[in-house]
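*Asks:*
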Amino acid sequence: MEERSSWYDTCLIDGRDPQRQVSYATQAGNLKKAMQLCGVASTTVTHSKRSSSTVMAEAGGVDEAQIRRAGRWNLEKVEGCYLTNLPKQAMRALVGFSPEGGSFYLKRTVSAARGSLESQIFPIVEDYEGKFLRGGIDRDIAGQGSLKLLKYPRPVISKTHRLSALATSHTQPGGTACSSLQSS
Numbered sequence: 013m014e015e016r017s018s019w020y021d022t023c024l025i026d027g028r029d030p031q032r033q034v035s036y037a038t039q040a041g042n043l044k045k046a047m048q049l050c051g052v053a054s055t056t057v058t059h060s061k062r063s064s065s066t067v068m069a070e071a072g073g074v075d076e077a078q079i080r081r082a083g084r085w086n087l088e089k090v091e092g093c094y095l096t097n098l099p100k101q102a103m104r105a106l107v108g109f110s111p112e113g114g115s116f117y118l119k120r121t122v123s124a125a126r127g128s129l130e131s132q133i134f135p136i137v138e139d140y141e142g143k144f145l146r147g148g149i150d151r152d153i154a155g156q157g158s159l160k161l162l163k164y165p166r167p168v169i170s171k172t173h174r175l176s177a178l179a180t181s182h183t184q185p186g187g188t189a190c191s192s193l194q195s196s
C-alpha cells in the first residue's frame, strides 16, 4: 500500500500468475456459480451489470435519451435488452405513491453496531488513512480509492457475521454466539 506502483500491474483476482488477467471462461464460470448460489437467474453473466445500471438510472429518474447516450445504445437495444418496459409512473400511482417517485425510502445495509466491530474488518484501513493524512505515503486517488473500497462492505460483513453468530447460537445445543470478531 505504501508504494502503489509496486501493485499497479497486480490483478485483483489472480491465478497462477498474479500479473496475468483472468480468462473470460474463468470469469464467466465463477460469476455463474456466484449468481446460482445467490439465487439470481440471468441470461447474461459477465454483462449483467449493464442491465442493472440502466434499470438503476431509470429508477433514479434519468430519461431514456440520457441512458441511451451514456451507453451508446439505440432505442431498440435499450428497450429490448436493458430497460424493463414497465410503466413505473402508473405503477407508483396505483399503489398510492407519487408518480414521480422519491416519496418512499427503504433502509438497506444499516448496521447498528458500527465502530469497534466494523473496524476489525480490514483493520489496516484506519492505519493507512492516518498515514495519508500525515503524508507518510503516496497521496493519490488509487490508494484512497482502495481504502474506500475496503470500507464499503464493512456494514454488510458485520451484519452478516452477527446474524450468522446468532443463528449458530440458536441452532447449536447449549451454544453461544462465539466469534472471531469480538466487540468491545
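Okay, so the sequence shown: first residue is 13 according to this note's numbering, each after it adds one. Built from N, CA and C at the ideal position, the CB exists for glycine as well.
Along the chain, where does the alpha helix (DSSP H) that runs through Gly-41 open and close?
*Replies:* Start and end: 36 to 49.
*Asks:* Would Pro-111 be called buried (16 or more neighbouring beta carbons within 10 Å of its own) or exposed?
*Replies:* Exposed: under 16 other Cβ atoms inside 10 Å.
*Asks:* If we ignore side chains and look at the alpha-carbon of each, how far apart do Ala-77 and Lys-100 end up?
*Replies:* Distance between the alpha carbons of Ala-77 and Lys-100 is about 17 Å.
*Asks:* Identify which residue in Ile-136, Met-47, Ala-82 and His-59 has its Cα closest to the Cα of Leu-161.
*Replies:* Measuring from the Cα of Leu-161, the nearest candidate turns out to be Ile-136.
*Asks:* On the CB-based measure, 16 or more other CB atoms within 10 Å of its CB, does Tyr-140 come out buried or exposed?
*Replies:* Buried, because 16 or more other Cβ atoms sit within 10 Å of the Cβ of Tyr-140.
*Asks:* Is the beta carbon of Leu-129 closer than 8 Å to that of Ser-170?
*Replies:* Contact flag set, yes.
*Asks:* Compare the C-alpha of Lys-143 against each of Ser-65, Ile-133, Gln-156 and Arg-166 and name the closest.
*Replies:* Nearest option by C-alpha distance: Gln-156.
*Asks:* For Arg-32, which of helix, strand or coil comes out of DSSP?
*Replies:* Looking at Arg-32 - three-state DSSP - the assignment turns out to be coil, as it is neither helix nor strand.
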